[in-house]
Amino acid sequence: MKFKQVILSDKFCYPCYPTIEGEFIYIGLRFTDKNSDINSIESYQIRKINSETEDIIWSVDLNKDNLLCKPIIIENKILFSTSSGLIAINKLNGEQIWKFKTKIWNSHLSSLDNKVYLINKNAIEIIDIDSGKRQKQKKYRIKWIDSPVVSKNNKLFISTSNSKIIEIDKESLDILTEYKYPGGWAIANTPEFYQNQILSNSYASYITSFDIETGDIIWRIKKKVGSEPKQLITPEFLYAIEILGAHKLTSINLSKGKKVWSKDYHIHELVDFDNTTLLGTLKQEDGQYVISFINKKNGDIINSLPSNDFKFDDKFQYRLWSEAIIENNNTESIICYKPNEVTIIMK
Numbered sequence: 004m005k006f007k008q009v010i011l012s013d014k015f016c017y018p019c020y021p022t023i024e025g026e027f028i029y030i031g032l033r034f035t036d037k038n039s040d041i042n043s044i045e046s047y048q049i050r051k052i053n054s055e056t057e058d059i060i061w062s063v064d065l066n067k068d069n070l071l072c073k074p075i076i077i078e079n080k081i082l083f084s085t086s087s088g089l090i091a092i093n094k095l096n097g098e099q100i101w102k103f104k105t106k107i108w109n110s111h112l113s114s115l116d117n118k119v120y121l122i123n124k125n126a127i128e129i130i131d132i133d134s135g136k137r138q139k140q141k142k143y144r145i146k147w148i149d150s151p152v153v154s155k156n157n158k159l160f161i162s163t164s165n166s167k168i169i170e171i172d173k174e175s176l177d178i179l180t181e182y183k184y185p186g187g188w189a190i191a192n193t194p195e196f197y198q199n200q201i202l203s204n205s206y207a208s209y210i211t212s213f214d215i216e217t218g219d220i221i222w223r224i225k226k227k228v229g230s231e232p233k234q235l236i237t238p239e240f241l242y243a244i245e246i247l248g249a250h251k252l253t254s255i256n257l258s259k260g261k262k263v264w265s266k267d268y269h270i271h272e273l274v275d276f277d278n279t280t281l282l283g284t285l286k287q288e289d290g291q292y293v294i295s296f297i298n299k300k301n302g303d304i305i306n307s308l309p310s311n312d313f314k315f316d317d318k319f320q321y322r323l324w325s326e327a328i329i330e331n332n333n334t335e336s337i338i339c340y341k342p343n344e345v346t347i348i349m350k
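In this note's numbering, the protein residues as written are 4 to 350.
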């Protein structure tokens, strides 16, 4: 295993939502003053970079219009949603192909059966990939949708802000089944599936497994109510993360629905690195963030890569910026956790 840091700019910026395709990385750069809030923006740029040579292939300026979620790649296009609409650009040269103009508040993107599903607040919009025209729209009686659209058993599923996972008909977009958490907490996670189960961590007081056919709860595991939820599913385990209000990482055996271990880790992002190891960005007791490798079997930290000369100040006392994700595939991982650069780990 080898790793390297790639400097993106001499000007202060936050790297956002990297996407890997072969030797290329597509990534957003949110430029701002280093003393400003971590969500502030002065200008925004999207770049295509060769991860091997570190050459910039092209750059697209968005001015103050920034990415709202992770872009998706379909055929020769890379699609990304901004506050002013959904944009498709040619992934080879960075030229705009089309723009679906609409005001977007919060957003998620997914591609299923050659259709683009755009989440725009409380609505699902189906966009034609070739023309950028809206084919269908469905608004739901909720405040907002919490996840991208995902598919299982030829049905669509979304998480919502009002404690429900919703099963949706593919053609009509009508609601078929609602999987309800107690209380009124947002879910904030994409539904995951294991055999006949729907799995989800949420802001509610339980990590929960629902029967996909009946909607009944199969098992649930206690967590701190109100703590920000994230989750990672592997073939055998669900790793439930709690951020803000509690700092925990919990391993759950999927076949048994039982807790295996729990650690008091302050984790920002977590991915499935290899057969034995998880890779995450963790905050240490001294307030500094590191890249850590975690043993899947017992949760122990195997090794960490320090942030070297960068010092995380009070702006980062609770978390990193929301777009600081880890993009991971079979050959490499791209980690956003420091301004101005990304870390690339070659497996």
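All C-beta atoms in this analysis are idealised placements derived from N, C-alpha and C, irrespective of residue type, glycine included.
Model, not experiment: these values are computed from the prediction.
Secondary structure note for Gln-8: its beta strand (DSSP E) is the uninterrupted segment 5-10. The alpha carbon of Glu-288 has as its nearest neighbour, out of Asp-36, Asp-303 and His-269, the alpha carbon of His-269.
Non-local beta-carbon contacts of Tyr-197 in its own chain, meaning distances under 6 angstroms to residues more than five positions away in sequence, involve Leu-257 in chain order. Take Ser-12, set aside five residues on each side of it, and the residues of its chain with a beta-carbon closer than 8 angstroms to its own are Leu-32, Phe-34 and Asn-343, in chain order. Taking one beta carbon from each stretch, the stretch 295-314 and the stretch 216-228 have fewer than 3 pairs nearer than 8 angstroms; the two do not touch. Taking every protein chain shown into account, the CB of Asn-69 has 16 or more other CB atoms within 10 angstroms, so this residue is buried. The three-state reading of DSSP puts Lys-318 in helix, counting H, G and I together.
Under DSSP, Gly-31 shares a beta bridge with Cys-19 and Ile-49. DSSP places Gln-198 in the coil class of the three-state scheme, outside both helix and strand. Per the C-alpha coordinates, the member of Glu-181, Lys-106, Gly-248 and Asn-79 positioned closest to Ile-215 is Glu-181. For secondary structure counted as the beta strand (DSSP E) over 3 or more consecutive residues, the stretch 227-290 holds these complete runs in sequence order: 231-236, 240-246, 251-256, 261-266, 269-275 and 280-286. By the criterion of at least three beta-carbon pairs nearer than 8 angstroms, the stretch 188-208 is in contact with the stretch 160-176. Distance between Arg-137 and Lys-266, taken at the CA atoms: about 46 angstroms. An exposed status is given to Trp-108, since fewer than 16 other beta-carbon atoms sit within 10 Å of its beta-carbon.
Ser-54 sits away from Phe-15, with the two beta carbons spaced by 8 angstroms or more.
Remark: C-beta atoms of Tyr-206 and Pro-232 approach each other more closely than 8 angstroms. A residue is called buried when at least 16 other Cβ atoms come within 10 angstroms of its Cβ; Gly-290 does not meet this threshold and is exposed. Restricted to the stretch 124-198, not a single alpha helix (DSSP H) segment is unbroken, complete and at least 4 residues in length. Restricting attention to Ile-347, Phe-276 and Tyr-29, the CA atom closest to the CA of Asn-333 is found in Phe-276. Boundaries of the beta strand (DSSP E) harbouring Asp-64: 59-66, taken from the DSSP string. The alpha carbon of Phe-313 has as its nearest neighbour, out of Ile-10, Lys-106 and Thr-22, the alpha carbon of Ile-10.
Secondary structure of Thr-346 (DSSP, three-state): strand.
In this structure, Val-63 is the residue among Glu-57, Val-63 and Asn-156 with its C-alpha nearest to the C-alpha of Asn-93.
When the Cα atoms are used, Tyr-321 and Lys-341 turn out to be separated by approximately 15 angstroms.
By a beta-carbon distance limit of 8 angstroms, Pro-194 does not contact Ser-230. Their separation comes to about 19 angstroms.
Spanning the alpha carbons of Lys-183 and Lys-146 requires a straight line of approximately 16 angstroms. The beta carbon of Thr-279 sits closer than 8 angstroms to those of Asn-298, Lys-299 and Lys-300, all from its chain and outside the five residues before and after it, given in chain order. When the beta-carbon positions are compared, Lys-226 and Glu-239 stay at least 8 angstroms from each other. The DSSP-derived three-state label of Ala-91 is strand.
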